[in-house]
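Below: the structure, in structure tokens.
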Amino acid sequence: MIWEESFFERVFQITRLIPKGRVTSYGAIARALGTTGSSRMVGWAMSVSYAAKPSVPAHRVVNRNGLLTGKHHFGSPDRMKQLLEQEGVQIENDRVKNFKNIFWDPASLAELAE
DNA sequence: ACTTTGACTATAA
DNA sequence: GTTATAGCCAAAG
């Protein structure tokens, strides 16, 4: 088992696996960790991800609707949107365009990470 | 050890 | 489409 670390560390590892130009949801990450109901904890982990090393691409994590719920935690409300657009993710009205298409399920790589 | 909280999610109206 | 409510789990106070 590689994840003998705390819950946060596991979240960080999964989050760092998100491919560029893709996004995922908090619930999906939680489910990939085996703690399906702890989706809120995933978001909390992101709140401390600023101290994580290496940096965690928290901007690639949105809620299950593709809404940039955590944008307010990036210093500037538009920071998250800009970071995503930089990676080719189209944002419209604080929502990921074609979210269903670019959604990346961490569980797909969680098996390989083991 | 107890209470509060939080970047969520699912269901209902 | 929206808002409201409840369930959820782990860390912080």
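All residue numbers for the first sequence refer to our numbering, where the first residue is 1235 and numbers rise by one. C-beta: ideal position from N, C-alpha, C; glycine also.
Going along the chain, which residues of its own chain have a beta-carbon closer than 8 Å to the beta-carbon of P1253, five neighbours each way excluded? W1338
Exposed unless 16 or more other CB atoms sit within 10 angstroms - verdict on P1311: exposed
Please report the distance separating the alpha-carbon of F1333 from that of T1270. 21 Å
Nearest by alpha-carbon distance to V1290: which of V1245, F1241, S1240, K1305 is it? V1245
Quick check on P1340: buried or exposed, where buried means 16 or more other Cβ atoms within 10 Å of its Cβ? buried
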